[in-house]
Every structure is written in C-alpha cells, then in structure tokens.
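From first to last, the protein sequence lines are chains Y and G. The first sequence begins at 2 in the numbering used here and counts up one residue at a time. The second sequence begins at 42 in the numbering used here and counts up one residue at a time. We put the beta carbon where it would ideally sit given N, CA and C, even for glycine. Since the structure is predicted, the reported quantities are computational estimates derived from the model, not experimental observations.
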Amino acid sequence: MTVRQTRRSGPSASGDHFVLWQGPSVDLTQQRRRMGERVIKAFLVGAALLSVVVTVGIVVSLFAPLTEFFSHVGIGEFLFGTEWTVGFGNKASWDDKSWGVLPLVTATFVMTAIALLVAVPLGLGAAAFLSEYASPRARKILKPILEILAGIPTVAFGFIALTVVTPLLGNIFQFNGIFNMLAPGIVMGFMIVPTVASLSEDAMSAVPLALRQGSYALGANRMKTTVRVVFPAALSGIVAAIVLGISRAVGETMIVTIGAGLQPKMTLDPTQGAQAMTGFIAQIASGDAPEGSPVYYSLFAVGSLLFLLTLLINMISIRLVRKYRQAY
Amino acid sequence: MTRAEHDTVTPADKDATGEIAQPPGHVEVWRGNEHSPVEGAPDGVITLKDLEVYYGDFRAVTDVNVQFGSKEITALIGPSGCGKSTVLRCLNRMNDLVPGARVVGTVAYHGVDIYGPDVDVIEVRRRVGMVFQKPNPFPKSIYDNVAYGPRVTGMKVDSMDELVERALRGAALWDEVKDKLKQNAFGLSGGQQQRLCIARAIATSPEVILMDEPCSALDPIATAKIEDLMAELAKTYTIIIVTHNMQQAARVSQRTGFFTAEADEMGHRTGRLVEFDTTEHIFGNPSDERTEAYITGRFG
Chain Y
2 MTVRQTRRSG
12 PSASGDHFVL
22 WQGPSVDLTQ
32 QRRRMGERVI
42 KAFLVGAALL
52 SVVVTVGIVV
62 SLFAPLTEFF
72 SHVGIGEFLF
82 GTEWTVGFGN
92 KASWDDKSWG
102 VLPLVTATFV
112 MTAIALLVAV
122 PLGLGAAAFL
132 SEYASPRARK
142 ILKPILEILA
152 GIPTVAFGFI
162 ALTVVTPLLG
172 NIFQFNGIFN
182 MLAPGIVMGF
192 MIVPTVASLS
202 EDAMSAVPLA
212 LRQGSYALGA
222 NRMKTTVRVV
232 FPAALSGIVA
242 AIVLGISRAV
252 GETMIVTIGA
262 GLQPKMTLDP
272 TQGAQAMTGF
282 IAQIASGDAP
292 EGSPVYYSLF
302 AVGSLLFLLT
312 LLINMISIRL
322 VRKYRQAY
Chain G
42 MTRAEHDTVT
52 PADKDATGEI
62 AQPPGHVEVW
72 RGNEHSPVEG
82 APDGVITLKD
92 LEVYYGDFRA
102 VTDVNVQFGS
112 KEITALIGPS
122 GCGKSTVLRC
132 LNRMNDLVPG
142 ARVVGTVAYH
152 GVDIYGPDVD
162 VIEVRRRVGM
172 VFQKPNPFPK
182 SIYDNVAYGP
192 RVTGMKVDSM
202 DELVERALRG
212 AALWDEVKDK
222 LKQNAFGLSG
232 GQQQRLCIAR
242 AIATSPEVIL
252 MDEPCSALDP
262 IATAKIEDLM
272 AELAKTYTII
282 IVTHNMQQAA
292 RVSQRTGFFT
302 AEADEMGHRT
312 GRLVEFDTTE
322 HIFGNPSDER
332 TEAYITGRFG
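Written out as structure tokens, the structure reads:
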C-alpha cells in the first residue's frame, strides 16, 4: 500500500476515499442481494397501480355511453327538466319520454338534508359526550356499540323505515300512503350517526389536553371548553366526518328505494314519496333494461351525475378540511 | 363589583345574616418554621396545611406546610418527581382534571379552603390563573385568546378592546401584535405564544398567577423576556413558579421552596417540602443538607 498524497480535505482523485485516512479501508458496496425487498416493492406498486386502473376503468365505462345518451337528449333538457318519465312508454323510443333529472336530484337532496338534520346534532352530541364527558370505561363500552350501528345492513334500515317509521310518522303528521321521504331520511340519518360520531370523536380526542387545561385554568366549565375550544380545534376532522356522512347519504340506495318508492316526483314536501337517483338506478338495473335501449343509457347518465356530485362534495370537503386544519 | 370586593369577598365569607363571619374552612395563617426569618415573613395569601396529594393509591406528596406571600415571586424547585408541579396544580384545583387525584389537608386562599364544599372551582380559577409549560394558545385569533377568559367567566367588561390591549401591554406583547390582533395565535413564535398565554391569564384580573416551568420550551432570549416580564408582573400579582432551572429561581424569585422525593422502606417515593425560605437563604446558606446537595449539583 502506497502512502497517499495528503490533502487537507475533500475526496481524493479517485473520489472513493478521504485522503487523510491512513488506516485499513473497508468495502461498503452491497454485500448480498436483497430479493425480498424487490418482491415486496413490486407487489406494493402493483397494488397501488391496480386501484388506480380500476378507478379509471370505472370512470371510463361510466362516461363512455354518455355520448350516445346526449346525442338524443340535450344536456340542458337533462339537467334542468322537471319531469322524468323514463320508465314509461315504448322501450325503444327516445321521443315519448321526458328526460329531466331534477325530480330525482331533488328527492336525493331532500332525503340527504333530512338525514343531516338528524345525524349532525346526534353525531356531534355523541362525539362530544364520548370525548369530553364520558369516563374512559364508559367510552370503551359505548364506542364499539355505536360502531355496530354502522354494520347493520342498509336493507334492514330500509325495512324499518317502511314498516315502523312510516306508520308512526303518518299518525303524527297526518299523511297516508306507504312511501314518503321523511321516514327514509330520518332512518338514513341514524344510519350515518356512527360515521359522524366516530370520526368526530377521533378528531376531538386528538385535540391536545393542554388546550383543555388552558381553558379550565381560565375558569371555563366543561361545556364552554367543549364548544369554544375543542370544537374549533377539531373542526377540520368534524367537517370531514360530516362530509363523509353526506357522501354516504347521497349514495345510499336500499333505504331510499324501499322507503321513498319508485315514482319520480318533483317535490320538496317530505311527506310525499319520490324516487331518488340511486332508487332509479336500482329499479332499472334490477329490472328490464335491454342493452342499447334509451333506458339503458339513462342509467349511465344518472350514474355519472351521481358520481360527479359525490366528487364535488369530496372536493369541497378537502378544501374545508385544509382551511380549518390546525397545527398544534 | 369593584376589584377589591371581588377579590376578598367569597360566598363562604357571609353567613345567613349577611355578616362577614369566620367561614368554616378558615385556617389560621401558618407562621413559618424555625428556618423562616420573622422579618418579612410571607403573608399567607395562599396557605397549605398538612397537604397530601394522592393519585389513586399512590401518595405523590405529603406533609406540605407553607404559606406564600402576595406580590412576590415564589419559586418551587427540586428534582423530577418531587411533587412540586403536583403542589402547584392544587393551588387552582387543576388536579381536579386528573382522574383519581385526591387532595388531603388544606389549601387556603385568603383563609378559605378552596377544596371546601361550597367552593366554586370557577371562582377559584378566576382568581388564581395559570401559565403552562408548553405555550398552549387556543386555535383562535390573538384577540380572541385574550378575550376568552373574560368571556367564559361572564366578566362585566366596559370595553373588551381596552381590556385586551391592557392585558397584552401587561404581558409586554402589545407592540409586537397590535397590527395583527385578528390573526391566528399559532402564527406567533414560541416566546410570543407564551407571553400571549400570560396576557390571557392576566385578562381575568387574577390575584395569583401560577407558572409551571413557563420557560422550559423557550430559547434563552425568549426566556429572558419572560423573566423580565415576571419581575414586572410581581408588582401587581402574586407569582408562584415551578422551575427546573435553578439559575432562573435564583434570578427571579424572592422566596424558594425546595422539594425532594425520598423512597420509604416499601420503595414508594413521596415528595416532601424540605425547606422554604428566602431565595437568598436557600441559595446562599441553606439549612438542610439535602437542599445544599441539590443546589450545588451533587444530586437531582
């Protein structure tokens, strides 16, 4: 081994060694092949790609038939028309039907709004109780019970809306008829309570204890601490929870199909039955929709609209979550 | 209600006839032990008598007898786990928030036991404010942070703007934030946030301010500012500070209490107040050898 030319610092001419070092050198190149790592990485990349591909595939297959649909129906007529008679008349004819989707959208909107009126106060109340008032033991028992509610099949909820809630409400609000929007809306509200409560509770529990202590030290009681400090600090997570609840309500199918019926009706009166967007899709897709028929294409139009609405809600949610996010 | 009234008259002070009477929880002001110089003895605005604190079955602190003086700075020092923060948290009943915490003995504020049955904890905390180890501003504007205490305690305020300005001036923060009162408090530096927390505490016009290692999360420059501020605040307020930094205790306080924890034969460590005296005495000529060992760095 020759004595290397000494320099003050920096790599030697070969770039491999710092020249000041006079002791034995070491081999730092890769010593053994690490196949396992590569396999795992390939699998993970595959998994990530597959979900993207499937999503893109769904979007494409949803939107592709739209060209055919909108070559027969004007976009304005579809979006702003107030009559939807797609299920009637000659199956092969485009011309004897009204293509206004607004009745379906209105029904979805009304029932979602009712659901939120139920779910937001109940969900936030439950979350505030679990996070701020309940003893650790009570929370450990109650939270899983609440989450079981999220596991009840929606068809069971729909059945409850039809057979229990509707007769009850009919007595109270003096309306007849099997179908109405109030019952499925309320039942749907109970269905999304666990979603709202559980996620909001997570967000509230994540608020640092130091903030609560600061509030108590200033003479605030538990209620004021919850409302004025914990809620604002957890707002980002609470908004996300509510928006997820909205998305579930908009996309919910069984409850609105069973509870609100299959008749498209342009009304804001919750005691009336009216078909929701998902209700229409469920009805036609499970019934008689010959491929290539006008009704068949209308499924894709309504489905795309539903998809876009949900997408819009999620985008608004991301905005709001960012806006209210706090760095502690 | 004037400031003087609301500071001295508590519900427990009046009996059924409306006369000011000796309340049942009244405690004679403790007059110090043999170490305590008679000259300038603390007036006992807060007096602890045979204080013991338990967390569940664990006895964290025992046998604390001390009186704090008003309008001066008292430092509580001692090694980790000696119970000094536990004692501090008894003084405005923040220990109430710890599940399983139990206080035995007496914590008397103006002679009234704050753990007494008729005492409203909110009234206690309005008079005995607190600043924490890590700055903990609320996720609100600077203005709303300061106005929080007066708002939640329903203080009658002529002009909230004025009150906020006074509190921020009192915390030596006004000049730095007067143009951004509506901005979120999280935009402030750590030292500014801690001064905001001090402003927040003085906004409710307390008499006593408890500080739990208020500078341990701050850099030396921000620490120096807070220490200057404390000296200024001590003209108006009674300050009791827990600190790990002995130089800080020596610099800012007039009186110092030294705590330590010793294991008994069962291996349970229980904190005790070893010595309480003027800061000069504690750091210059401590009476107890454990105090001397600690302040000279031989243990702890």
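Within the same chain, and ignoring the five residues on either side of Arg249(Y) in sequence, the residues whose Cβ sits closer than 7 Å to its Cβ are Ile193 and Thr196.
Nearest CB-CB separation between Leu212(Y) and chain G: below the 8 Å threshold. With fewer than 16 neighbouring CB atoms inside 10 Å of its own CB, Tyr134(Y) falls in the exposed class. Excluding sequence positions up to five before and after Phe64(Y), its CB lies within less than 7 Å of the CB of Ser305, all in the same chain and listed in chain order. Annotation: Cβ neighbours of Gly220(Y) in chain G (cutoff 7 Å, chain order): Ile163, Arg166, Arg167, Gly190, Val193, Thr194 and Thr245.
The C-beta separation of Ile114(G) from Thr284(G) comes to about 10 Å, leaving the pair out of contact by the 8 Å criterion. Look at Arg339(G): its C-beta is not under 8 Å from any C-beta on chain Y. At a cut-off of 8 Å between beta carbons, Ala242(Y) makes no contact with chain G.
The continuous beta strand (DSSP E) containing Arg296(G) extends over residues Arg296 to Ala304. In the displayed model, Ala101(G) falls within a strand according to three-state DSSP. The Cβ-Cβ distance between Ile187(Y) and Val166(Y) falls below 8 Å. Going by C-alpha positions, Gln32(Y) is about 50 Å away from Ala211(Y). Annotation for Leu143(Y): the continuous alpha helix (DSSP H) segment containing it runs Pro137 to Leu150. Contact check for Gly190(Y) against Val119(Y) passes: the beta carbons are separated by less than 8 Å.
For Arg39(Y), the enclosing alpha helix (DSSP H) has its first and last residue at Met36 to Phe64. For Ile155(G), DSSP assigns no beta-bridge partner whatsoever.
With contacts defined as CB atoms closer than 8 Å, Gly274(Y) and Met182(Y) qualify as a contacting pair.
Judged by DSSP secondary structure, Ile87(G) falls within the beta strand (DSSP E) whose first and last residues are Ile87 to Tyr96. By the C-beta density criterion, Asp96(Y) is exposed, having fewer than 16 other C-beta atoms within 10 angstroms. If you ignore the 5 residues before and after Ile161(Y), its C-beta comes within less than 8 Å of the C-beta of Val188, all in its own chain and listed in chain order. Here the alpha carbon of Val27(Y) sits roughly 34 Å from the alpha carbon of Phe44(Y).
In this structure, DSSP gives Ala291(G) a helical state, which the three-state scheme calls helix.
Sequence-distant partners of Val144(G) (beyond 5 residues in either direction) whose C-beta falls short of 6 Å from its own C-beta, in its chain, are Val94, Cys131 and Tyr156. Contact between Thr320(G) and Ala116(G) holds: their C-beta atoms lie close to 7 Å from each other, under 8 Å. Straight-line measurement puts the Cα of Gly190(G) at about 11 Å from the Cα of Met201(G). Distance from the CA of Ser294(Y) to the CA of Ile256(Y), rounded to the nearest whole angstrom, comes to 28 Å. Inter-residue distance for Ala265(G) and Ala275(G) is about 15 Å (C-alpha atoms, whole angstroms). Among the CB atoms of chain G, one or more fall inside 8 Å of the CB of Ala234(Y). When rounded, the separation of the alpha-carbon atoms in Leu310(Y) and Gly124(Y) is 23 Å. Rounded to the nearest angstrom, the Cβ distance from Gly288(Y) to Thr254(Y) is 14 Å, too far for a contact under 8 Å. In the DSSP assignment, Tyr189(G) falls within the alpha helix (DSSP H) that extends over Ile183 to Val193. Under a criterion of Cβ atoms nearer than 7 Å, the residues of chain G adjacent to Val230(Y) are, in order, Phe179. Using a Cβ-Cβ distance cut-off of 8 Å, the segment 183-198 of chain G and the segment 218-236 of chain G are in contact, since at least three pairs of beta carbons, one from each stretch, lie closer than that value. Counting other Cβ atoms within 10 Å of its Cβ, Thr83(Y) stays below 16 and is therefore classed as exposed.
Selection Thr109(Y), Lys92(Y) and Phe81(Y) evaluated against Val102(Y) yields Phe81(Y) as nearest (Cα-Cα).
Each of Ala263(G), Arg168(G) and Val86(G) was checked against the Cα of Lys112(G), and the nearest Cα belongs to Val86(G).
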